[in-house]
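Reading through the structure tokens given below for one structure.
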Amino acid sequence: MSTATANTLDWRAAWTSALDDLEMDVFAVESMLADERRLAETPPANQWRPPTELGALPLELKPRADEILTRQLAAAEEIARRLTANRQQIAVTSRIETGEAVKRPVYLDCAM
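Anchor point for the sequence shown: position 105 equals 105 in full-length UniProt numbering, and the numbering is continuous, going up by one each time.
Below, the structure is given as structure tokens:
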């Protein structure tokens, strides 16, 4: 095997590995969004970091990278939607009076 072929295989393998890591990160977020009972405050243990010095993405990996990007954007949109829904729910529940925090005078008309 020539040095150029070996370098090309190493380059492709490095990109494949980077996409594998990124895809697992997206899968973890998608799983968290699918599981309503999972603790959302717990961040992923190994956050994905972009690899350095890989060079350009191999052309045959572009469809996979595009698909991962589409999934990332969908997950980000779902997170934003859920955050908005949570804020709306907090706003509504903060207006509910329990009677404990707010003491209001009560008037009773005994004339009747």
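Think of the CB as a built atom: it goes at the ideal place given N, C-alpha and C, for glycine as much as any other residue.
- Leaving out five residues before and five after ALA18 in sequence, what residues of the same chain have Cβ atoms less than 6 Å from its Cβ? Your numbering for residue 18 matches position 18 in the sequence shown. Contacts found: PRO51.
- Message: Measuring only the C-alpha atoms, how far is ALA85 from ARG71?
- Response: The residue you call residue 85 lines up with position 85 of the sequence shown. The residue you call residue 71 lines up with position 71 of the sequence shown. Approximately 21 Å, taken between the alpha carbons.
- Query: What number of angstroms, rounded off, separates the C-alpha of SER2 from the C-alpha of ARG12?
  - Reply: Indexing the sequence shown from 1 puts residue 2 at position 2. Indexing the sequence shown from 1 puts residue 12 at position 12. Cα to Cα, SER2 sits roughly 15 Å from ARG12.
- Message: Going by C-alpha to C-alpha distance, which of TRP15, CYS110, ARG49, ARG82 sits closest to LYS62?
- Response: The sequence position of residue 62 within the sequence shown is 62, counting from 1. When only C-alpha atoms are compared, the closest one is TRP15.
- Query: How many Å lie between ALA76 and CYS110 at the Cα?
  - Reply: Within the sequence shown, residue 76 is the residue found at index 76, counting from 1. Within the sequence shown, residue 110 is the residue found at index 110, counting from 1. Approximately 59 Å between the Cα atoms of the pair.
- Query: Taking C-alpha atoms, which residue in GLU67, ILE90, LEU9 lies nearest to GLU23?
  - Reply: Residue mapping note: residue 23 aligns to position 23 of the sequence shown, counting from 1. Looking at the Cα atoms, GLU67 is the closest of the given residues.
- Task: With a threshold of 16 other CB atoms inside 10 Å of the CB of VAL26, please say whether the residue is buried or exposed.
- Result: The residue you call residue 26 lines up with position 26 of the sequence shown. Looking at its Cβ environment, which holds 16 or more other Cβ atoms inside 10 Å, VAL26 is buried.
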